[in-house]
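Student:
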Amino acid sequence: MSPELAHALGDASGDTRRVLECALEDREISWQEAELLCSVEGSDLSALVTAADALRQRHVGDTVTYVVNRNVNFTNVCVKACKFCAFSRTHRSEQGYFLSTEEIVRRAAEAQALGATEVCIQAGLPPGVNGSIYVDLCRELKRALPSLHVHAFSPEEIKYGAGLSGMSIREHIAALKDVGLGSIPGTSAEILDDSLRKRLAGGRISTAEWVHVIGTAHELGVPTTSTVMFGHIETHGELVRHLDVLRTIQRNTGGFTEFVPLSFVHSEAPLYAKQLIRGVRPGPTPDDVVRLFAIARVFLGASFKNIQASWVKEGPLRAQRLLACGANDLGGTLMNESISTAAGAPHGQWLPPRELRRLAREVGRVPAQRDTLYRLLRVHDASSETDVEGPLDALAHDNGRFGSYAELVRDKRHAFRTVRSS
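One point on numbering: in our numbering, the residue at position 22 of the sequence shown is 69, and numbering is uninterrupted.
1) If you follow the alpha helix (DSSP H) that Cys185 is in, where does it begin and where does it stop?
2) Kindly indicate which three-state DSSP category Gln159 falls into: helix, strand or coil?
3) Which whole runs of the alpha helix (DSSP H) in the segment 387 to 423 are 4 residues long or more, in chain order?
4) Along the chain, where does the beta strand (DSSP E) that runs through Val107 open and close?
5) Quick check on Gly208: does DSSP put it in helix, strand or coil?
6) Smallest Cα separation from Ser77: which of Val287, Asp458, Glu88?
7) Can you tell me where the beta strand (DSSP E) with Asn118 in it begins and where it stops?
8) Take Pro317 as the anchor and find which of His265, Gly330, Ile296, Val307 has the nearest alpha-carbon.
9) If we count the other Cβ atoms within 10 Å of its Cβ and call it buried at 16 or more, is Leu424 buried or exposed?
10) Cα separation between Leu211 and Val269?
11) Distance check for Ala55 and Ser93, CA to CA, integer angstroms please.
12) In its own chain, which residues sit with a C-beta less than 8 angstroms from the C-beta of Thr419, not counting the 5 before and 5 after it?
13) Distance, Cα to Cα, Leu379 vs Ser273?
14) Tell me whether the segment 319 to 338 and the segment 65 to 73 touch, counting them as touching only if at least three CB pairs, one residue from each stretch, are closer than 8 angstroms.
15) Run through the segment 293 to 326 for me and flag every whole alpha helix (DSSP H) of 4 or more residues, listed as ranges in chain order.
16) Please identify the residue among Ala98, His313, Asp62 whose C-alpha is closest to the C-alpha of Ser49.
17) Who are Cys132's beta bridge partners in DSSP?
18) Taking only runs that begin and end inside the segment 353 to 381, name each unbroken beta strand (DSSP E) of 3 or more residues, in chain order.
19) Does the distance from the CB of Val307 to the CB of His289 come in under 8 angstroms?
20) How would you write the range of the beta strand (DSSP E) that Val275 sits in, first residue to last?
21) For a test of your reading of the model: does the CB of Tyr113 fall under 7 angstroms from any non-hydrogen atom of the ligand ADP? Yes or no.
22) Is it the case that the Cβ atoms of Val111 and Leu377 are separated by a distance below 8 angstroms?
23) For the beta strand (DSSP E) that Glu165 lies in, which residues bound it at each end?
24) Cα separation between Ala81 and Phe346?
25) Based on the DSSP secondary-structure assignment, which residues constitute the bridge partners of Ile231?
26) Please state whether the Cβ-Cβ distance between Pro414 and Ala407 is less than 8 angstroms.
27) Can the beta-carbon of Tyr452 be found less than 8 angstroms from the beta-carbon of Asn353?
28) Just the C-alpha distance for Lys127 and Gly391, rounded to the nearest angstrom, thanks.
29) At what residues does the beta strand (DSSP E) containing Val197 begin and finish?
30) Verify whether the separation of the beta carbon atoms of Ile205 and His219 is less than 8 angstroms.
31) Let's see if you can read the secondary structure: which residues bound the alpha helix (DSSP H) around Pro438?
32) My guess is that Gln311 and Phe131 are in contact by the Cβ rule of under 8 angstroms, so how many angstroms apart are they, rounded?
33) Exposed or buried, what is Gln396 when buried is set at 16 or more other beta-carbons lying within 10 Å of its beta-carbon?
34) So, using beta-carbon positions, are Ile280 and Val226 closer together than 8 angstroms?
35) Please state the DSSP three-state secondary structure of Arg153.
36) Who are the near neighbours of Ala343 in its chain, counting only those whose CB is closer than 7 angstroms to its CB and skipping five residues on each side?
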């Protein structure tokens, strides 16, 4: 134990010290013990952060990873009306858009030419589409770009596609895997508590259904990420029980590649802007964010090696700070970001790889480019401090290169009614 850690634990209160010492001995702590950590402050918070950083170093070392990828949110038209979502539109909206398969492939090909190894595809749940929409899209992407990893379709989309096609969840995921789906985003999770989910979004995928989609994907050899959205109406107990669900799944399957805490972006979200639920919070406080990242590292243990700090949600500087609170990954370059942007996130649509490397180096870490499955592609150690500028780095000052969400919803070429009627 380092002197810094010993000192921090020595200054902590009895309950906090006991829980952290248990975690530092690689013993699982209970969700009830994790709940105790959700309100720590002062010296107890310092001890929690120091312990989380020590466990991060033990589990993954000093490498900070990132992936070169592009997001393609191919439609904002959705049959659901989630109270926290500022991205979706109805099929009658003048701002509804739907990208053709050709346009999705074009965007993915542009990204690969700029060095991307992954395309991330997520969208609304559009009405009136063919039941094979997700399988067809994945097939066309892999046909055109066989070496590009397709990280696509939330559990909500998997459920929707299975229903449209008349398949079971297992059959639908198997069909997607057969045409090249590489992994699934563990989004649409929010908080895995059905009473809370009903308040946030009636008709949303249930906890049991989300667990079933994720578990089935893992059984079929399709890895997934895992997420939580916090800082709205959840209680501490609901938050840590969500983590407990994830830890149980990982213990049984080992299929999660990472955990990504997602702060609720409030300013344009109907849930907050229209005060749809009494007592909704304007996102987590900075200390709330620090606490959750540290608790995640302490609670989830060595089976969750990778914890991602989302620069889109937190901003680059806070994401950098979170590297000392248990996180070891800075996410992706993205190129396009629509969902958080629509909700009011002010941090931009993309970051060049050299900026992600700078954030890591400034806190004494070693940046490394990874692929979607966390295989290291290039480690930028001290011998490569002066980087060769890549094609995406060269566009760092071209903020309009990839187009914005605001531009997309006004672009009549991609209007939902126009595209769907053609």
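Where a beta carbon is used, it is the ideal one built from N, C-alpha and C, also for glycine.
Tutor: If we stick to the structure as given:
1) For Cys185, the enclosing alpha helix (DSSP H) stretches over residues 180 to 191.
2) helix
3) 400 to 409
4) No beta strand (DSSP E) holds Val107; the alpha helix (DSSP H) holding it covers 89 to 107.
5) Per DSSP, reduced to three states, the secondary structure at Gly208 is helical.
6) With distances taken between Cα atoms, Ser77 lies closest to Val287.
7) 116 to 119
8) Considering only alpha carbons, the answer is Gly330.
9) exposed
10) 21 angstroms
11) 7 angstroms
12) The residues are Val114, Asn116, Thr164, Glu165, His196, His198, Gly229, Ser230, Thr304.
13) Per the sequence shown, residue 379 should be read as Gly rather than Leu. About 15 angstroms.
14) no
15) 317 to 320
16) The candidate whose alpha carbon is nearest that of Ser49 is Ala98.
17) Cys132 pairs with nothing; no bridge assigned.
18) 376 to 379
19) no
20) 271 to 277
21) No copy of the ligand ADP occurs in the structure displayed, which carries no ligand at all.
22) For Val111 and Leu377, yes; Cβs fall inside 8 angstroms.
23) Where Glu165 is concerned, the enclosing beta strand (DSSP E) stretches over 165 to 168.
24) 7 angstroms
25) Thr271
26) yes
27) no
28) 20 angstroms
29) 196 to 199
30) For Ile205 and His219, yes; Cβs fall inside 8 angstroms.
31) Careful: Pro438 lies outside any alpha helix (DSSP H) and carries neither H nor E.
32) Before going on, a small fix: residue 311 reads as Phe here, not Gln. So it is a contact: roughly 7 angstroms between Cβ atoms.
33) buried
34) no
35) helix
36) Leu290, Phe306, Pro308, Ile354, Gly373
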